[in-house]
Each structure stands twice: as C-alpha cells, then as structure tokens.
Amino acid sequence: MAIDAALEARIHKALAECEDEARSSVMTKHFGNRGPTHQECSESVGVDSHGRHMTRAMQLGIEQHDEALQCAQEKLQELKPDGFSISPRYHLDFRTGKVQYLSPDQVKAQLDSGRSAELRGSLEPDIVIHTGSPLQIQRVFDFKFPCVNDGRPAWREYPRGHPHQDLTQKQAYESVLKARAFRVIPRWGVLE
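Residue 58 in the UniProt record's numbering sits at position 58 of the sequence shown; the count goes up by one each step and never skips.
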C-alpha cells in the first residue's frame with residue numbers, strides 16, 4: 001500500500017503519541033512530576049552488556065525506546081499491517097552498493113556465534129515503513145529522547161573510523177535506504 005498524505009499524517013500522529021507516552025511514563029516512574037537535571041542525566045548507573053560505561057541518560061533512553069517501540073508496534077499494526085518493521089537491520093555492501101535486509105534471526109545468529117564484527121556499519125533505524133517487503137522502504141523513523149528538555153536533539157553523527165563516518169544518521173539512512181528519514185521527538189512530534 002502506498003503512503004498517501006492522510007496515511008502519513010496518521011502515522012506521524014501515532015508515532016508522536018507513542019513518543020510522548022513513553023517519555024511521560026518513564027520520567028514519572030523515575031522522577032515523579034519533574035524532569036531530570038543535567039547532573040542526574042550524566043550520572044553513571046553501571047555498565048551495559050558489552051561492559052561499556054552507562055549513564056542515566058542512556059538508561060532512560062533505552063527504557064523510553066522500549067516503551068515507544070511497543071506502542072508503535074500496536075498502532076502501526078492497525079494503520080499499516082505488514083507494512084512496517086521495528087528495529088530492522090540493513091547492511092550495505094560498500095563494494096557492490098547492494099543493501100541487504102538482515103532478519104532478526106540472522107542478526108541473532110551472528111551475535112550468538114561471535115560474528116558481531118560482520119554487523120559493523122549496518123543501519124538499524126527504530127521504524128521502517130515499507131510496502132510489505134522490508135527492502136521496499138517508504139519512510140524511516142528514529143525516536144530521539146533527550147534526557148533534559150533543552151531543545152530538539154540533532155541527528156547523531158557517525159564518528160571517525162565508522163563505515164558511515166562524517167554522515168549523520170539521517171544522511172546515512174536516506175543515502176543507503178533511499179527513503180525520507182524523520183526524527184520523532186517528545187513534544188515536537190515528527191521532524192526531518
């Protein structure tokens with residue numbers, strides 16, 4: 001099914017609602033009726049499953065993403081059944097320029113067999129809207145959850161040494177996946 005203006009507006013509204021609900025739920029659970037301070041956001045809360053330092057901002061972001069993605073799954077199933085993927089993984093073969101969709105089972109098999117290096121440079125947007133085939137992409141969405149409410153978060157830029165270095169996530173998504181990419185931000189809604 002193609003995306004007409006009415007369907008696109010309903011998708012944007014649904015994702016913005018999921019973003020706002022997830023932020024409110026997680027922040028209320030941790031902070032009651034107030035938001036976190038810059039100091040609280042930068043506090044260390046331990047290490048992640050890879051042994052990397054984790055801040056409270058990272059922890060809150062993970063919790064908010066989990067809630068928003070679950071909500072998006074439910075809402076998109078009503079709006080565009082079989083026409084979306086949650087956290088899909090795409091790999092660009094830089095030699096041939098071909099893009100490969102990696103199923104969750106393929107990703108799990110690579111991780112379980114210690115071949116995570118093969119995933120380096122793959123793209124994993126939060127949500128992809130497609131025709132029913134994950135390689136026929138129509139729109140890309142990424143949830144952005146700033147820890148402190150001090151503006152609109154920018155697209156993350158890939159660091160030196162990364163296969164997509166010097167590109168933002170938006171630039172990489174649009175270049176590789178050949179579809180418009182949007183940020184979904186609490187209280188701001190869907191933005192390019």
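Glycine included, C-beta positions come from ideal geometry on N, C-alpha and C.
Notebook entry, point to check: Could you give the uninterrupted runs of the beta strand (DSSP E) lying entirely in the segment 108-133, keeping only those of 3 residues or more?
Noted result: 127-130
Quiz item: What did DSSP end up calling residue 91 once you bin it into helix, strand or coil?
Solution: Within the sequence shown, numbered from 1, the residue matching residue 91 stands at position 91. DSSP places residue 91 in strand when its eight states are reduced to three.
Roughly how many whole angstroms lie between the Cα atoms of residue 74 and residue 97? For this step, residue 74 is matched to residue 74 along the sequence shown. For this step, residue 97 is matched to residue 97 along the sequence shown. When rounded, the distance between both Cα atoms is 34 Å.
Drop a sphere of 10 angstroms on the beta-carbon of residue 143, count the other beta-carbons inside from all chains shown, and report buried for 16 or more, exposed for fewer.
For the purposes of this step, residue 143 is identified with residue 143 of the sequence shown, where counting begins at 1. Classification of residue 143: buried, given that the 10 Å Cβ count is 16 or more.
Pick out whichever of 4, 3, 9 and 26 has its Cα sitting closest to the Cα of residue 191. To locate residue 191, count along the sequence shown from 1; it is residue 191. Of the listed residues, the one whose Cα sits closest to residue 191 is 9.
- request: From the DSSP output, in three-state form, read off residue 57 for me.
  value: What you label residue 57 is simply residue 57 of the sequence shown in a count that begins at 1. Three-state result, residue 57: helix.
Practice item. Taking residue 7 and residue 79 to be in contact with their CB atoms under 8 Å, please state how far apart those CB atoms are, rounded to whole angstroms. Key: As a first step, residue 7 must be located in the sequence shown, where it is residue number 7. As a first step, residue 79 must be located in the sequence shown, where it is residue number 79. Confirmed, Cβ separation roughly 7 Å.
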